[in-house]
Amino acid sequence: MAERSGQRGAAVAQMLSLVIGVVYLALGIGGFFAGGQRFLGLHTDPILDLVRTAIGLVALGCTRRRIYSQVLGLVLFFGMAGLTVYGVLSTGTGQAENLEYGVAALGWEDDTLHGLTAVAGLAMGLWPQRTTPDRVSSGHNE
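Positions in the sequence shown are counted from 1; adding 45 to them yields the working numbering.
The following block contains the structure:
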């Protein structure tokens, strides 16, 4: 009897999307309650907290389907890679104070988080899908 084989567990992209969603949602919500202080070593301000919360919610929503997680991964890769480069250049050149009056205050800890998220996003977007056959053959030709 031929047996239908479904997906075994979630794809890597979906698992990474879940992890990113939980981490960013926790950082975003925790940042709102930090009261302008650092939260887990990361800078907080209303814009950063709002963006982190939004990334967390979107990432959690994208865990439903593999393709959503893969598209999110590529979007995160390009967005976070750009933010990482900008943060490293501004922090490394001693011009980090410009960010405090611009978009948000960033530091090395934030740059590390954004860089790791970019790498995870690239893995989410480019990790090959494991496909399973719809039928399992018993080896007999009928």
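Using N, Cα and C, we set each Cβ at its ideal position, and we do this for glycine too.
Computed from a predicted model, the values in this text were never measured in an experiment.
Quiz item: For LEU151 versus GLY124, is the C-beta distance shorter than 8 angstroms?
Solution: no
Quiz prompt | Outcome for ARG111 when other beta-carbon atoms lying within 10 angstroms are tallied against a minimum of 16 | solution = buried
Quiz item: Taking Cβ to Cβ, would you say SER135 is nearer than 8 angstroms to MET169?
Solution: no
Quiz item: Taking buried to mean at least 16 other C-beta atoms within 10 Å of its own C-beta, is ALA99 buried or exposed?
Solution: exposed
Quiz item: What do you reckon, are the CB atoms on LEU128 and ARG97 nearer than 8 angstroms?
Solution: no
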